[in-house]
Amino acid sequence: DSKNVYNCMYCENSYKGGGIHRMKYHLTGIRGQIGSCKKVPRDIRVMMQELIASMRKDKKKESNDYDMGDGDDEYENEEDVQEIPHPSVDVKGKRKASGTLDKYLTPRTTSNDPSLKSVFTSKEAIWRAKMDVAHWVYNACIPFNALQSPYFQPAIDAMVIIGRGFKGPSYHEIRVGLLKDCKKEC
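Converting from the sequence shown to this note's numbering requires adding 23 to each position, the first position being numbered 1.
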């Protein structure tokens with residue numbers, strides 16, 4: 024199946040097909056094509072609503088340009104059109120960049136190419152995952168050199184393959200059953 028799968032980074036639901044346009048509706052809360060995101064921050068929702076309104080205005084203007092009218096009523100409904108500035112977002116103090124949906128969605132790909140996955144994964148999502156690991160290390164008083172273990176990255180990879188909702192082993196499983204299994208493997 025060649026359809027792109029999009030994952031909302033706020034509610035973490037996955038949606039197949041429909042493209043970016045459908046995901047914009049998801050983030051704005053416009054019902055009909057897709058369920059609305061319940062966890063998107065208000066400022067992002069407003070920005071996406073402005074983006075949709077701007078796109079509709081541009082599309083309406085484009086269709087009006089192709090009308091074959093006599094030209095007398097060109098400005099008749101001028102007060103009905105409200106100018107909405109194109110939203111912009113600061114990019115770490117450098118320059119203003121046009122607001123895009125890429126910052127709010129992380130498309131999934133079926134490819135196992137890590138460079139392709141890293142292109143599609145947002146920096147914020149990577150930072151959040153690393154912070155979750157760091158909080159766990161600090162809270163459990165795990166020595167920092169444990170992160171240099173050759174078993175650390177394979178454990179992370181195994182959890183990623185299973186996906187969201189994976190429940191880690193319990194205290195008892197680690198202490199008894201899995202310990203026995205590890206001894207057998209060695």
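We treat Cβ as the ideally placed atom computed from N, Cα and C, and that holds for glycine.
A quick note: this is a predicted structure, and the numbers were derived from the prediction, not measured.
* Could you pull the start and end residues of the beta strand (DSSP E) that Cys31 belongs to? => Val28 to Cys31
* Alpha-carbon to alpha-carbon, Ala169 and Arg54 -> 48 Å
* To do: From the DSSP output, read off the bridge partner residues of Tyr38.
  => Tyr29
* Asked: Where does His44 fall in DSSP's three states?
  -> helix
* **Host alpha helix (DSSP H) of Val156 (start-end)** => Lys146 to Asn162
* Around the C-beta of His195, are 16 or more other C-beta atoms found within 10 angstroms, so that it is buried, or is it exposed? -> The C-beta of His195 has fewer than 16 other C-beta atoms within 10 Å across all chains shown, which makes the residue exposed.
* Does the ligand ZN have a heavy atom nearer than 8 Å to the CB of His158? -> Ligands displayed in this structure: none; no statement on the ligand ZN is therefore possible.
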